[in-house]
Structures are given as structure tokens and as C-alpha cells.
Amino acid sequence: MTPVYQPLSTIKTWAEEDRPREKLMLKGKAALSDAELLGILINSGIQHYTAVDLAKMILSSVGNDLNQLAKLSIKELSKFKGIGEARAITIVSALELGRRRKESEPVVRSSITSSETAYQALRPHLMDLLHEEFWILLLNRANQIIRPMQVSAGGVSGTVADPKLIFKHAIEHLASGMILAHNHPSGNLQPSHADKDLTRKLKEAGKLLDIPILDHLILCDHKYLSFADEGLL
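Below you can see the structure in the form of C-alpha cells.
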């Protein structure tokens, strides 16, 4: 049974530090109760009941359990006094965002400790391709992967990697280091003069920007060549 609340004054008559929105601004989101946060979503009350009163009614019906609240449908929420379809949709949407945030919590980042670990991180992106692609692994100071990024894609015999674009990605993601990689569809692991020249230019630019180039990998099927391992960096 839905609890019966005695008529209360409106939120506007509350002390400023007790009004949900003002309280959040003054004290931060952690200072608000579940009912106050839900009251902000409800936005406004009805005659004799504030938005927080309505929130308390809803929470009471599910034992003040947010997990149970998240299971209520729009139709079920709309049955509560003062909660129409629009407010029910707002509540359901907010709870769904919370669920998705929990699902997307960052996973432990993989660390690059050798050319082999770099190869394993890049291999899924570059294997079985019939054309050349150029990728970069952006790393933080602990040599953990921030993210892999495709820089360019080309034809069978080559692709153009723009140094300005490469370092733009690195700066935007606050990378502290970078590993270059591209594939050779021909199966020939040997770096071309163009590969060596590009690596040299990027290495020099990396020194100026304090984003060192740690390696450059050439991938072919199930094998690779590391510039660092071969003393070519």
C-alpha cells in the first residue's frame, strides 16, 4: 500500500541549503539522499506534496532499493500519484544511464612490455588485410594502452601516414608514448626506405613533443618485424 503523507509546505519555502537543486550546487551530489536526487528528476510536486515527497512514496514502495526501482516499468511508475508518463520516462531514462555507466566501467588496461605484447594488441586490427593500413598504439606513462587508432588505409603497395594527424591524435588523448604499426600484404617483412624515413621523422617529432616513438612494427600474416628489436629505431 502506498504510504500516506501529511500535506507539507512547498520546496520553495524550504531553507535554500535544503532544496535539492540548491543543495547539490552548494554541497555536491554526494550530499543528497536518494529521495532528493529522485525529486530533482521528478522536477515538481503536486498539491500538498513536494517532488521529494513523491520520490519518498516511490522509494518506499520498493523498500528503498534502487535496484528494485530500476525494474519498474513506465506504466508502473505512472500509477504513482503525481507521476505521469513524462516523469516516468525521465526516471526510467536516468536509471538506464546509471546501468550503462556501470557496464562501461573501464577495464584494466593492457601493458606493453615488449614487441610481442605490442604485436598481440595490434594483430586483430591488421591481420588478413589485402591492403595496407597504418595504426598507432597510444600509451600512458606506465606503457598501458590508452587506445589503438587507425591513421590511414591505402592500396596493396602502400598507405600515406600524415605525421601531423598522428601527433594530433596523441596530443588529444594525452599520450606519453606511441608505437607505430602497419602491415605488408605482400608478406615481405623488410621495411622500405619510405618506412624508415617516416619512422625517423616521427621519432624526431616525438622528441620535440615529449611523446617518444617506442617502436614501429611491420605485420605480415602470423609474423612481424620490430624496428626496436632490429636496432632500426
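If you want my numbering, it's the 1-based position in the sequence shown plus 44. Built from N, CA and C at the ideal position, the CB exists for glycine as well. Every value quoted in this text rests on a predicted model; they were computed, and no experiment measured them.
Which of helix, strand or coil DSSP assigns to residue i
| i | result |
| --- | --- |
| G142 | helix |
| D259 | strand |
| K73 | helix |
| K125 | coil |
| S154 | coil |
| R131 | helix |
| E80 | helix |
| E176 | coil |
| S53 | Below a pLDDT of 50, predicted positions are generally treated as unreliable, and S53, at 49, falls in that range; the measurement from the model is reported next regardless. Coil, per DSSP. |
| A99 | helix |
| E61 | Low confidence applies here, because E61 scores a pLDDT of 48, under 50, leaving its location unreliable; read the following figure in that light. Reduced to three states, the DSSP call for E61 is helix. |
N-terminal and C-terminal residue of the beta strand (DSSP E) that residue i is part of
| i | result |
| --- | --- |
| L269 | 267-270 |
First through last residue of the alpha helix (DSSP H) which encompasses residue i
| i | result |
| --- | --- |
| Y163 | 159-170 |
| L110 | 110-113 |
| I90 | Per DSSP, I90 belongs to no alpha helix (DSSP H) and is neither H nor E. |
Residue j beta carbon less than 8 angstroms from that of residue i
| i | j | result |
| --- | --- | --- |
| A31 | I255 | Outside the shown range of the chain, which is 45 to 277, sits residue 31, and nothing can be said about it. |
| E177 | L170 | yes |
| L269 | A225 | no |
| G89 | L98 | yes |
| K67 | A75 | yes |
| T134 | L82 | no |
| L183 | A165 | no |
| L242 | I257 | no |
| R143 | A114 | yes |
| S148 | A132 | no |
| D265 | G231 | yes |
| L277 | P235 | no |
| A186 | V195 | no |
| H175 | G198 | yes |
| P192 | W179 | yes |
Which whole runs of the beta strand (DSSP E) in the stretch 179-216 are 3 residues long or more, in chain order?
189-197
Under 8 angstroms, with one C-beta from each stretch per pair, do the stretch 106-119 and the stretch 152-160 reach the 3-pair mark?
no
The stretch 204-213 in contact with the stretch 245-258 per 3-pair CB rule at 8 angstroms:
Enough Cβ pairs lie closer than 8 angstroms, so yes.
Runs of beta strand (DSSP E) lying entirely within the stretch 214-240, each at least 3 residues, in chain order:
221-227
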